[in-house]
Structures are given as C-alpha cells and as structure tokens.
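Residue numbers (the numbering used here): -13 to 280. For each residue, glycine too, the CB sits at the ideal point set by N, CA and C. Since this is a predicted model, take the numbers as computed values, not measurements.
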C-alpha cells in the first residue's frame, strides 16, 4: 500500500542486496524478480577465466538467501493445515546445483551451505506427510564430517533434520580484496557445484546414491576425500536399470573402446553384462552402443 511496507519484505530485500554484493566476487549474479521467486533468489554463473581485458563464465547454479538456518524449511503445513508437498516436489526435481546462503553481521558476512544432505531424505523416506529442516551443529575449529539426516516421527508428520555442518564458503566483506582467497573460494565452489550436479542427475533418474565430500572446512576441500551413500532396494526394477544405463552406457562404451584399442579385447565382464541386459530386454544406449561396436 502507498507509504507502507511490511518489515519482513524490507529485511529480505536488504539481505539479498548485501549477499549479492559479496557473491558477485565469485560469480555472475542474476537477481530473480519477486514475482518470479519460487525458491531461488539468484541464478549465478561461476567465473571460470579472467584476463586483463575480459572474463568468462560457465556452470549455472541457484542460491536462496536467508538471515538464519531456522527459516529454511521444506514441507510441513500451511496455516490451513495443508501439507506443503509442492515444496518438496520442487526441490526433488530441481535440475541445477542449489545452495543456501546465510547473510549475517549486518550484511557483512556471507556463509554458503551445501544442501546435498537433503537429497538423502528423498532416497530414505516414503512417508506422507513429511518435512525437512536444517541446522548447523558442528565444531568450527575442526573439519566437518558429512552426516546423514535424522528422522523424528511426530503426531503430525515425519520430521527430518539435516545437519549442514560448516559452510562450504565463508566470506566477510573485508576479505573481498584478498585475491588469493577469492580465487580459492571460486575453486571450492566449482567442486561443490560439480558434485551437486551429479546428485541432481542421480535423483532425477531414480538412482539411489548420494555423493559428497566427507570432510571439509570453509573455503577448503580435499578433492580425494569423497564418500558415497547407497540406498538401493534390490532387486532393482526395470525402470531404474534403464535409467542407470543411460548414464553408464556411454561411459562404459568409451572406456571399452580405449581398452580394446590397447589390448584387442573387451573389458573383462563387459560381454557378460551386455548379454544379461539383452536377455532381460533392456532396450537402452548400452546395448545399441555395443551392438554398433562389434
């Protein structure tokens, strides 16, 4: 209304402006207009290469900005006690890397959290209704070890709590002139974006696996410190097998092509896998790729 605006709206705008000014050192930042905001405040493209006269960008990702972790909840119930399933559906089928940014200290500190642990929930639960909350319970002086979500059943629904641990990126406004730190943060963000893209692919294809770095500190990650969580329900149904083959088929075919070029033979066990899939009528890229390779 003229001359008046809700405090929550004004605070949200200020937080987003503060976060944008810090985030812009790491990525190209495209603010999402309020009328198009369905859970992503900024679409970003990470900076990949910079020269004296130009710079380049690559992978796109999304980020939501909040003043604290308690405000980020997926699912639960609205004021009319209706289950907000649409929030969970939206995140489940999000196809781009997605992060949570927390702006604090009067807009001077930005902490970026990975939400990979939320994907574990979709692999673990079949309950209805359910909701997901996040927290950060950890020792800031030690590397955080990735933890699986914890479920708590209440009278209303199944509540999942995801411990996000330490932020993957943590920047204060006074550090923005530190070129070495900024470049390191760009590299760390790139590695998490790559992992999140893989997890989104797994989830969309019904592949019950989550991949994450096992231990990390803000602005630092060990590329060799990767862990997997598998939630396979065996035997796998035909649809899941078909989806897996869409990803594995071309990769195996390429590996086999190089293996055969150096040894004159197929990779051990691959012919048996190929025959098993033919026998089970799995019409997928793995079969057609290898049929052409014969």
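Exercise for the section: Verify whether the separation of the beta carbon atoms of residue 46 and residue 85 is less than 9 angstroms. Expected result: Position 60 of the chain shown, counted from the start, is the residue given in the question as residue 46. Position 99 of the chain shown, counted from the start, is the residue given in the question as residue 85. Result no, Cβ atoms of residue 46 and residue 85 do not sit closer than 9 angstroms.
Exercise for the section: Could you tell me whether the region 12 to 22 touches the region 57 to 65, where touching means 3 or more Cβ pairs closer than 8 angstroms? Expected result: no
Exercise for the section: Rounded to whole angstroms, what's the CA-CA distance from residue 172 to residue 12? Just pull it up for me. Expected result: Translated into the one-based positions of the chain shown, residue 172 becomes position 186. Translated into the one-based positions of the chain shown, residue 12 becomes position 26. In a straight line, the C-alpha of residue 172 is about 6 angstroms away from that of residue 12.
Problem - Span separating the alpha-carbon of residue 259 from that of residue 152 - result: Numbered from its first residue, the chain shown carries residue 259 at position 273. Numbered from its first residue, the chain shown carries residue 152 at position 166. Distance between the alpha carbons of residue 259 and residue 152: 42 angstroms.
Practice task
Identify whether residue 38 lies in helix, strand or coil by the three-state DSSP scheme.
Solution key: Taking the first residue of the chain shown as 1, we reach residue 38 at position 52. The answer is coil: DSSP assigns residue 38 none of H, G, I, E or B.
Handout entry: Residue ranges of each beta strand (DSSP E) within the region 16 to 61, 3 or longer
Key = 28 to 36, 41 to 52 and 59 to 61
Problem - Contact check, residue 253 vs residue 231, beta carbons under 9 angstroms - result: As a working mapping, residue 253 is identified with position 267 in the chain shown. As a working mapping, residue 231 is identified with position 245 in the chain shown. The answer is no: Cβ separation not under 9 angstroms.
Practice task
Use the C-beta contact count for residue 182: other C-beta atoms within 10 angstroms, 16 or more gives buried, fewer gives exposed.
Solution key: Within the chain shown, residue 182 is the residue found at index 196, counting from 1. The residue in question, residue 182, is buried, as its Cβ has 16 or more Cβ neighbours within 10 Å.
Handout entry: Sub-9 angstroms separation of residue 83 and residue 16 beta-carbons
Key = Here residue 83 refers to the residue found at position 97 when the chain shown is read from its first residue. Here residue 16 refers to the residue found at position 30 when the chain shown is read from its first residue. It is not a contact, given that the beta carbons lie outside the stated cut-off.
Exercise for the section: Would you check if the region 104 to 121 and the region 70 to 79 touch, i.e. whether three or more CB-CB distances between them fall below 8 angstroms? Expected result: yes
Handout entry: Whole-Å CB distance - residue 122 paired with residue 104, under 8 angstroms assumed
Key = Along the chain shown, read from residue 1 onward, the residue named residue 122 stands at position 136. Along the chain shown, read from residue 1 onward, the residue named residue 104 stands at position 118. That belief does not hold up - the Cβ atoms of residue 122 and residue 104 are roughly 14 angstroms apart, past 8 angstroms.
Problem - Close-in-space but distant-in-sequence residues of the same chain around residue 189 (CB under 7 angstroms, 5 per side omitted) - result: Position 203 of the chain shown holds residue 189. Same-chain partners within the cutoff: 78, 105 and 108.
Problem - Nearest-angstrom beta carbon gap, residue 100 and residue 154 [assumed within contact, 8 angstroms] - result: Along the chain shown, read from residue 1 onward, the residue named residue 154 stands at position 168. Along the chain shown, read from residue 1 onward, the residue named residue 100 stands at position 114. Between residue 100 and residue 154 the Cβ distance is about 5 angstroms, and since that is below 8 angstroms, they are a contact.
Practice task
Could you check the C-alpha separation between residue 95 and residue 1 for me, to the nearest Å?
Solution key: Position 109 of the chain shown, counting from 1, holds the residue named residue 95. Position 15 of the chain shown, counting from 1, holds the residue named residue 1. Whole-angstrom Cα-Cα distance: 11 angstroms.
Practice task
Taking only the alpha-carbon atoms, compute the straight-line gap between residue 176 and residue -4 and give it to the nearest angstrom.
Solution key: Along the chain shown, one-based indexing puts residue 176 at 190. Along the chain shown, one-based indexing puts residue -4 at 10. So the two alpha carbons sit approximately 32 angstroms from each other.
Practice task
Can you tell me which of the three DSSP states residue 82 falls into?
Solution key: Taking the first residue of the chain shown as 1, we reach residue 82 at position 96. Note: residue 82 maps to coil in three-state DSSP.
Handout entry: Contact check, residue 54 vs residue 88, beta carbons under 9 angstroms
Key = As a first step, residue 54 must be located in the chain shown, where it is residue number 68. As a first step, residue 88 must be located in the chain shown, where it is residue number 102. In this structure, residue 88 lies closer than 9 angstroms to residue 54 by Cβ.
Problem - Minimum C-alpha distance to residue 26 - residue among 68, 40, -7 and 73 - result: Residue mapping note: residue 26 aligns to position 40 of the chain shown, counting from 1. Ranking the options by Cα distance to residue 26, first place goes to 73.
Exercise for the section: Whole angstroms is fine: what's the gap from residue 142's alpha carbon to residue 240's? Expected result: For the purposes of this step, residue 142 is taken as residue 156 along the chain shown, with counting starting at 1. For the purposes of this step, residue 240 is taken as residue 254 along the chain shown, with counting starting at 1. Answer to the nearest angstrom: the Cα atoms are 50 angstroms apart.
Practice task
Output the boundary residues of the alpha helix (DSSP H) element that contains residue 108.
Solution key: Looking up residue 108 in the chain shown gives position 122. Where residue 108 is concerned, the enclosing alpha helix (DSSP H) stretches over 102 to 110.
Exercise for the section: Give the straight-line distance between the Cα atoms of residue 244 and residue 234, rounded to the nearest whole angstrom. Expected result: Residue numbering aside, residue 244 sits at position 258 when the chain shown is read from its first letter. Residue numbering aside, residue 234 sits at position 248 when the chain shown is read from its first letter. Taking the straight line from one Cα to the other gives about 16 angstroms.
Handout entry: Same chain, Cβ closer than 7 angstroms to residue 197, neighbours up to 5 away in sequence not counted
Key = Translated into positions along the chain shown, residue 197 becomes position 211. Cβ neighbours of residue 197 beyond the five flanking positions: 181, 184, 185, 212 and 214.
Exercise for the section: Give me the Cα-Cα distance between residue 38 and residue 5, rounded to the nearest whole angstrom. Expected result: The sequence position of residue 38 within the chain shown is 52, counting from 1. The sequence position of residue 5 within the chain shown is 19, counting from 1. Going by the C-alpha atoms only, they are around 26 angstroms apart.
Problem - Integer-rounded CB distance, given that residue 206 should sit under 8 angstroms from residue 132 - result: Translated into the one-based positions of the chain shown, residue 132 becomes position 146. Translated into the one-based positions of the chain shown, residue 206 becomes position 220. 15 angstroms between Cβ atoms; not a contact.
Problem - Endpoints, the alpha helix (DSSP H) within which residue 4 is located - result: Taking the chain shown and counting its residues from 1, one reaches residue 4 at position 18. Note, residue 4: alpha helix (DSSP H), -7 to 9.
Exercise for the section: Would you identify the three-state DSSP class for residue 247, choosing helix, strand or coil? Expected result: Counted from its first residue, the chain shown places residue 247 at position 261. DSSP places residue 247 in helix when its eight states are reduced to three.
Handout entry: Which of helix, strand or coil DSSP assigns to residue 262
Key = Sequence index remark: in the chain shown, residue 262 carries index 276 (1-based). It is helical.
Problem - residue 192 to residue 140 span [Cα, whole Å] - result: The sequence position of residue 192 within the chain shown is 206, counting from 1. The sequence position of residue 140 within the chain shown is 154, counting from 1. Answer to the nearest angstrom: the Cα atoms are 28 angstroms apart.
Exercise for the section: Tell me where the beta strand (DSSP E) around residue 215 begins and ends. Expected result: By one-based count along the chain shown, residue 215 stands at place 229. Where residue 215 is concerned, the enclosing beta strand (DSSP E) stretches over 212 to 216.
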